[in-house]
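To start, the structure itself, in structure tokens.
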Amino acid sequence: MTDPRALFDLSGRVACVTGASAGLGQRAAVALAAAGAQVVGVARRADALQDWAASTGPAAAGIAADLSDRDAITDIANRIAAPFGAPDIIVHAAGINTRETADDVTPEGWDVTLNLNLAAPFFLSQAFAPAMKAKRWGRIVSFASLQTTRAFPGGVSYGASKAGVAQLTRAMAEAWSPHGITANAIGPGFFPTELTGPVFADPARAARNAAQTCIGRNGELADIDGPLLFLCSDASGYVTGQVLMVDGGYTAK
Numbered sequence: 120m121t122d123p124r125a126l127f128d129l130s131g132r133v134a135c136v137t138g139a140s141a142g143l144g145q146r147a148a149v150a151l152a153a154a155g156a157q158v159v160g161v162a163r164r165a166d167a168l169q170d171w172a173a174s175t176g177p178a179a180a181g182i183a184a185d186l187s188d189r190d191a192i193t194d195i196a197n198r199i200a201a202p203f204g205a206p207d208i209i210v211h212a213a214g215i216n217t218r219e220t221a222d223d224v225t226p227e228g229w230d231v232t233l234n235l236n237l238a239a240p241f242f243l244s245q246a247f248a249p250a251m252k253a254k255r256w257g258r259i260v261s262f263a264s265l266q267t268t269r270a271f272p273g274g275v276s277y278g279a280s281k282a283g284v285a286q287l288t289r290a291m292a293e294a295w296s297p298h299g300i301t302a303n304a305i306g307p308g309f310f311p312t313e314l315t316g317p318v319f320a321d322p323a324r325a326a327r328n329a330a331q332t333c334i335g336r337n338g339e340l341a342d343i344d345g346p347l348l349f350l351c352s353d354a355s356g357y358v359t360g361q362v363l364m365v366d367g368g369y370t371a372k
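Each number in our numbering corresponds to the 1-based position in the sequence shown with 119 added.
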């Protein structure tokens, strides 16, 4: 029997993490590197990426890019593959929430939200699928949301994009899992990140959210490590097309 601990070992794997400059994306990049992977972080803020890469060491590289620009995806994919080769693992953590109310949604806000939150995860995965197929091994992990299944105020475009992530995950699994590529998603609850800054800036609101979980608290960045490593490793070889809610039981109540 294989040592169960070896199932989570990512030595020899190459991972790409979008949104790696902060929050859950950076935590994902740190966790994958700690598990042995060479990691390419992608985000718009070059300085934050450089700080992360420098603190991680030679197994990390940063690529400054705007993933909401769909015309640039091919070029971005080529830059991602340059440091260590085409990735075996892709974690789509980059995201935006414009928080425009239904009456105030603009075409510009809609487009940037859908391009970054939904189109980029697909087209970037599509770019690397051939290399994964050739190896008969690949892991695609997207970030869903509480708004994948629930409607929140000011969440029309964001919620639509995150609902789309769930179906995109299933569709990519149907298309590519016969070739050894799994596609899954993590649905975080309330974690203290830049994206949820307005939520945690209101202590009363943050406390209400914590009370709505089964566990009784909001998420901490370390809570993402185990689920992420599970979905990015051999441990989840027979798991695909799933959305794993990491929300302390928020959606269970």
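C-beta atoms are modelled at their ideal positions from N, C-alpha and C, and glycine is treated no differently.
{"Query": "Nearest-angstrom Cα separation, counted from residue 226 out to residue 200", "Result": "33 Å"}
{"Query": "Residue environment, residue 342, which counts as buried when at least 16 other CB atoms sit within 10 Å", "Result": "buried"}
{"Query": "Contiguous beta strand (DSSP E) assignments of at least 3 residues, all confined to the stretch 166 to 191", "Result": "179 to 183"}
{"Query": "Residue 261 and residue 284 closer than 8 Å at C-beta", "Result": "yes"}
{"Query": "Cβ neighbour criterion (16 or more within 10 Å) applied to residue 355", "Result": "buried"}
{"Query": "Same chain, Cβ closer than 7 Å to residue 280, five either side skipped, listed in chain order", "Result": "232, 233, 236 and 237"}
{"Query": "Straight-line Cα distance separating residue 344 from residue 127", "Result": "11 Å"}
{"Query": "Neighbour-count burial assignment, residue 357, 16 or more Cβ in a 10 Å radius", "Result": "exposed"}
{"Query": "With 16 other Cβ atoms within 10 Å as the buried cut-off, status of residue 157", "Result": "buried"}
{"Query": "DSSP three-state assignment for residue 272, whether helix, strand or coil", "Result": "coil"}
{"Query": "Per-residue burial, residue 371 [other beta carbons within 10 Å of its own, 16 or more giving buried]", "Result": "exposed"}
{"Query": "Status (buried if at least 16 other CB within 10 Å, exposed otherwise) for residue 240", "Result": "buried"}
{"Query": "Closest Cα partner of residue 230 within the set 324, 146, 242 and 215", "Result": "215"}
{"Query": "Where the alpha helix (DSSP H) through residue 319 begins and ends", "Result": "316 to 319"}
{"Query": "Identity of the residue in 291, 336, 293 and 287 nearest residue 308 by Cα", "Result": "336"}
{"Query": "Through-space distance from residue 288 to residue 300, alpha-carbon basis", "Result": "12 Å"}
{"Query": "Nearest residue (CA-CA) to residue 365, options 359, 140, 349 and 338", "Result": "338"}
{"Query": "Straight-line gap, residue 180 to residue 275 (C-alpha atoms, nearest Å)", "Result": "35 Å"}
{"Query": "Secondary structure of residue 215, DSSP reduced to three states", "Result": "coil"}
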